[in-house]
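This report concerns only the one structure given below.
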Amino acid sequence: MARLFQDDNALAKFDQREPSGLDAASFLSRQTSRIISSQIETANRIIVSQDRIASGIDKINFGIDRLSDGLESLASAFEWGFSELVWQIEQQRKELNNILKVLEAPLDTQAKELKKRAEDAYKNKWIDDALEDFLESEKKNRYDFTVHQYLGNIYLFEKNTPEMAMKYYEKAVKYSTPKSPYYASYALIHVALIYYLEKDFKKAYDATSKAIELYPTLYEAHYQHAKYCANLGKYDEAIKHLNEAQIGDKYYCLKADSDKDFQVMKKQLISFFELLRINAQKEAEIELNQAQELVQSAESQESDEYAPDSFELAKNKLKEAKNLFGRKSYFDYLDAKLKAKEGQKNALFSSIKSLSTQINETNNEYGKESYDDQKMKESIGEWNIWISLAVLIFFSAVTNQFWIGLIIGVIVFFFIKGYTGSSFRNKREYENTLSVLNNNLSKNQVRLNELNKA
38 MARLFQDDNA
48 LAKFDQREPS
58 GLDAASFLSR
68 QTSRIISSQI
78 ETANRIIVSQ
88 DRIASGIDKI
98 NFGIDRLSDG
108 LESLASAFEW
118 GFSELVWQIE
128 QQRKELNNIL
138 KVLEAPLDTQ
148 AKELKKRAED
158 AYKNKWIDDA
168 LEDFLESEKK
178 NRYDFTVHQY
188 LGNIYLFEKN
198 TPEMAMKYYE
208 KAVKYSTPKS
218 PYYASYALIH
228 VALIYYLEKD
238 FKKAYDATSK
248 AIELYPTLYE
258 AHYQHAKYCA
268 NLGKYDEAIK
278 HLNEAQIGDK
288 YYCLKADSDK
298 DFQVMKKQLI
308 SFFELLRINA
318 QKEAEIELNQ
328 AQELVQSAES
338 QESDEYAPDS
348 FELAKNKLKE
358 AKNLFGRKSY
368 FDYLDAKLKA
378 KEGQKNALFS
388 SIKSLSTQIN
398 ETNNEYGKES
408 YDDQKMKESI
418 GEWNIWISLA
428 VLIFFSAVTN
438 QFWIGLIIGV
448 IVFFFIKGYT
458 GSSFRNKREY
468 ENTLSVLNNN
478 LSKNQVRLNE
488 LNKA
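To convert, take the position in the sequence shown, counting from 1, and add 37; that gives the numbering used here.
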């Protein structure tokens, strides 16, 4: 069986440096960026546009942060040639360390030191020493599935002995399943790899089926399963699992496009990419329209005056989304959708800020009129009828002419009513204005919360 490394020279050069976990992560970051760059250059234009390639945006997306959780976060950037380095990074995961604390609790110091010595030898590529110590470590703690995974890696990738590798990977599956479905799934895709290399695609298919059942969000398991489906002529199932993989990491589309195992179903693959593009276009268009609507709404609510920075940012995001949409590739539609949503959030934020400022200003403006002055006007209004009646009686008594007193009393009544009524009209206008502002503010806050939760 041929060695699996795609770039022996790069690995050999790296191995001589006795890498730490950080060095391994840096190396993998560089290598995966190189691989992705190569895949992008030759990718179908349904997936990526020429403008996107020129922008280099997809190169930026592959940083060390994608390696923080080993295989799970590496996803589409994983290659079998990196498998041993990925396993080293896995050792730093909190989940694994917590499991190992329990597994190693009964061991004496000598047994723990033996495993540590084996791991150090493995990192330094002292493979024979590492093999000897791991075999001894297995005798002292046969339930430690990480030891079995190490041994499987050594026999497969270093000793080129798939039969022995299978033995230890199966032990890793057995002992990890009760402790961690993730690491059981991790071991199972290595089991599947051996079957794949032996051209036993049905057994490889069964192994990845089990891996997916144990840990459905290990996207590499879905991708590997799709490969085995392709080799078995199960094209519809292959597409189904490719879709699951690309939902977790869109770059699986690039990987599949350049993978020889999918050449047998190239027609179905292209149709799949086209369907992804059409659906992404529809979704992006919906978000763009909503972003446009919210930017216009923000402008009508005077966001350009009261919240100019966030309003300008909303307009810029909308412009970026439109530019991406115009490139007409799957990845660009996905990014257009994201940019449009960012524009929506910024538009809503600017509206909320603008409306809040207007509410404060309205309250302050109305509050300039003192409480005592308001009470005085209200009191005058309440006594209006009595004042008018007094005027009527006074003029009737003085002039002995009831009609003159009545006319003057009516004039006084409406004069006072008009004076106090203006106060009440101002109050109603204020309350109506405040109600509209608060209602719009509430609607925008609810919509922003919904966007943030989505």
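Yeah, the Cβ is synthetic: ideal placement off N, Cα and C, and Gly gets one too.
Buried versus exposed, by CB contacts within 10 Å (16 or more), Asn477
In the sequence shown, counting from the first residue as 1, residue 477 sits at position 440. Label assigned to Asn477: buried.
Kindly give me the distance between the Cβ atoms of Phe115 and Glu339, rounded to whole angstroms, as I take these residues to be in contact under 8 angstroms.
The count along the sequence shown starts at 1 and reaches residue 115 at position 78. The count along the sequence shown starts at 1 and reaches residue 339 at position 302. Actually they do not touch by this definition, with Cβ atoms about 51 angstroms apart.
Boundaries (first-last residue) of the alpha helix (DSSP H) holding Met201
Here residue 201 refers to the residue found at position 164 of the sequence shown. Residues Pro199 to Ser213.
Out of Glu207, Leu331 and Ser213, state which residue places its alpha-carbon closest to the alpha-carbon of Tyr232.
Start at 1 with the first residue of the sequence shown, and residue 232 comes out as number 195. Ranking Glu207, Leu331 and Ser213 by Cα distance to Tyr232 puts Glu207 first.
Here's the rule I'm using: 16 or more other beta-carbon atoms within 10 Å means buried, otherwise exposed. How should Ala202 be labelled?
By 1-based counting over the sequence shown, the position of residue 202 is 165. Classification of Ala202: buried, given that the 10 Å Cβ count is 16 or more.
Count the other CB atoms within 10 Å of the CB of Asp369; is the residue buried (16 or more) or exposed (fewer)?
Here residue 369 is taken as the residue at index 332 of the sequence shown, counted from 1. Classification of Asp369: buried, given that the 10 Å Cβ count is 16 or more.
Under the three-state reduction of DSSP, which class applies to Thr457: helix, strand or coil?
By 1-based counting over the sequence shown, the position of residue 457 is 420. Bear in mind that a pLDDT of 49 at Thr457, under 50, signals an unreliable position, so the model cannot answer this.
Measuring only the C-alpha atoms, how far is Glu336 from Leu325?
Counting from 1 along the sequence shown, the entry for residue 336 is found at position 299. Counting from 1 along the sequence shown, the entry for residue 325 is found at position 288. For Glu336 and Leu325, the distance between alpha carbons rounds to 17 angstroms.
Buried or exposed by the 16-neighbour rule on C-beta atoms within 10 Å, applied to Ile323:
Within the sequence shown, residue 323 is the residue found at index 286, counting from 1. Classification for Ile323: exposed.
Only counting the same chain, and skipping five residues up and downstream in sequence, which positions put a Cβ closer than 8 angstroms to that of Thr470?
As a working mapping, residue 470 is identified with position 433 in the sequence shown. If we look at Thr470 and ignore the five residues flanking it on each side, its Cβ neighbours are Thr399.
Using only CA atoms, which one of Tyr403, Asn481, Lys247 and Lys490 lies nearest to Tyr467?
Against the sequence shown, residue 467 aligns to sequence position 430. Checking every option, the nearest Cα to that of Tyr467 belongs to Tyr403.
By the 10 Å Cβ neighbour count, where 16 or more other Cβ atoms means buried, how is Gly107 classified, buried or exposed?
Working through the sequence shown from its first residue, we reach residue 107 at position 70. Label assigned to Gly107: buried.
Go to Tyr260, then tell me how far its alpha helix (DSSP H) extends in each direction, as first and last residue.
For the purposes of this step, residue 260 is taken as residue 223 along the sequence shown, with counting starting at 1. Where Tyr260 is concerned, the enclosing alpha helix (DSSP H) stretches over Tyr256 to Leu269.
Terminal residues of the alpha helix (DSSP H) in which Glu339 lies
As a first step, residue 339 is located in the sequence shown; it is residue number 302 there, counting from the start. Unbroken run through Glu339: none, as it is neither H nor E.
Which residue's Cα is closest to the Cα of Arg67: Leu111, Arg82 and Ile90?
Reading the sequence shown from its first residue, position 30 is the one you call residue 67. That would be Leu111, whose Cα lies nearest to the Cα of Arg67.
Pairwise C-alpha distance: Ile396 and Tyr456:
Translated into the one-based positions of the sequence shown, residue 456 becomes position 419. Translated into the one-based positions of the sequence shown, residue 396 becomes position 359. Note that Tyr456 scores a pLDDT of 49, beneath 50, so its modelled location is shaky and nothing firm can be said.
Work out the CA separation of Tyr272 and Phe309 for me, nearest whole Å.
Position 272 of the sequence shown, counted from the first residue, corresponds to residue 309. Position 235 of the sequence shown, counted from the first residue, corresponds to residue 272. Answer to the nearest angstrom: the Cα atoms are 11 angstroms apart.
Please report the distance separating the alpha-carbon of Phe362 from that of Arg89.
Here residue 362 corresponds to residue number 325 of the sequence shown, with the count starting at 1. Here residue 89 corresponds to residue number 52 of the sequence shown, with the count starting at 1. Between Phe362 and Arg89, the C-alpha separation is close to 11 angstroms.
Quick check on the DSSP output: what are the complete alpha helix (DSSP H) runs of length 4 or more inside the segment 285-342, in order along the chain?
289-294 and 303-337
Tell me which same chain residues have a C-beta within less than 7 angstroms of the C-beta of Gln305, skipping the five on either side of it?
Here the question's residue 305 lines up with position 268 in the sequence shown. Result list for Gln305: Tyr272 and Ile276, in chain order.
Measure how close the beta-carbons of His262 and Ser246 come, nearest whole angstrom, since I'm counting them as under 8 angstroms.
Reading the sequence shown from its first residue, position 225 is the one you call residue 262. Reading the sequence shown from its first residue, position 209 is the one you call residue 246. Contact holds; Cβ gap of about 7 angstroms.
What do you reckon, are the CB atoms on Val210 and Ala224 nearer than 8 angstroms?
Along the sequence shown, one-based indexing puts residue 210 at 173. Along the sequence shown, one-based indexing puts residue 224 at 187. In this structure, Ala224 lies closer than 8 angstroms to Val210 by Cβ.
For the alpha helix (DSSP H) that contains Gly189, what are its first and last residues?
To locate residue 189, count along the sequence shown from 1; it is residue 152. Phe182 to Asn190 is the span of the alpha helix (DSSP H), which, as asked, contains Gly189.
Mind checking whether Tyr212 and Leu188 have CB atoms under 8 angstroms apart?
Counting from one through the sequence shown, the residue named residue 212 turns up at place 175. Counting from one through the sequence shown, the residue named residue 188 turns up at place 151. Result no, Cβ atoms of Tyr212 and Leu188 do not sit closer than 8 angstroms.
Could you check what DSSP says for Asp166 in three-state terms: helix, strand or coil?
Numbered from its first residue, the sequence shown carries residue 166 at position 129. Residue state, collapsed to three classes: helix.
When you compare the segment 340-349 with the segment 370-378, are there three or more beta-carbon pairs, one atom per stretch, that lie closer than 8 angstroms?
no
Which of the three DSSP states, helix, strand or coil, is assigned to Ala373?
Taking the sequence shown and counting its residues from 1, the one referred to as residue 373 is at position 336. Looking at Ala373 - three-state DSSP - the assignment turns out to be helix.
Neighbour-count burial assignment, Asn492, 16 or more Cβ in a 10 Å radius
Any answer about residue 492 is impossible in this case: the structure gives the chain only from 38 up to 491.
Beta-carbon separation of Lys264 and Asp286 under 8 angstroms?
In the sequence shown, counting from the first residue as 1, residue 264 sits at position 227. In the sequence shown, counting from the first residue as 1, residue 286 sits at position 249. Not a contact, by the Cβ cut-off of 8 angstroms.
Should Gln283 and Ala328 be called a contact, given that it needs their Cβ atoms to be closer than 8 angstroms?
The residue labelled residue 283 in the question sits at position 246 within the sequence shown. The residue labelled residue 328 in the question sits at position 291 within the sequence shown. No, these two residues do not count as a Cβ contact at 8 angstroms.
Using C-beta distances below 7 angstroms, list every residue in its chain close to Glu311, excluding the 5 sequence neighbours before and after it, in chain order.
Here residue 311 corresponds to residue number 274 of the sequence shown, with the count starting at 1. Counting only Cβ-Cβ distances below 7 angstroms, and skipping sequence neighbours, we find Ile83.
Just checking my contact of Ser393 with Ser347 at CB under 8 angstroms: how many whole Å lie between their CB atoms?
Locating residue 393 in the sequence shown gives position 356, where the first residue counts as 1. Locating residue 347 in the sequence shown gives position 310, where the first residue counts as 1. That pair is no contact at about 12 angstroms.
Restricting to Cα atoms, I'd like to know which of Glu330, Ala248, Ser366 and Lys356 is closest to Asn316.
For the purposes of this step, residue 316 is taken as the residue at position 279 of the sequence shown. Selected option, being the one with the closest Cα: Ser366.
Between the CA atoms of Asp157 and Ala167 - distance to the nearest angstrom:
Sequence index remark: in the sequence shown, residue 167 carries index 130 (1-based). Sequence index remark: in the sequence shown, residue 157 carries index 120 (1-based). The straight-line gap from Cα to Cα measures roughly 8 angstroms.
If Ala80 and Leu291 are in contact, beta carbons under 8 angstroms, what's the gap, nearest whole angstrom?
In the sequence shown, the residue the question calls residue 80 occupies position 43. In the sequence shown, the residue the question calls residue 291 occupies position 254. Indeed, because the Cβ distance is near 5 angstroms, the residues count as touching under 8 angstroms.
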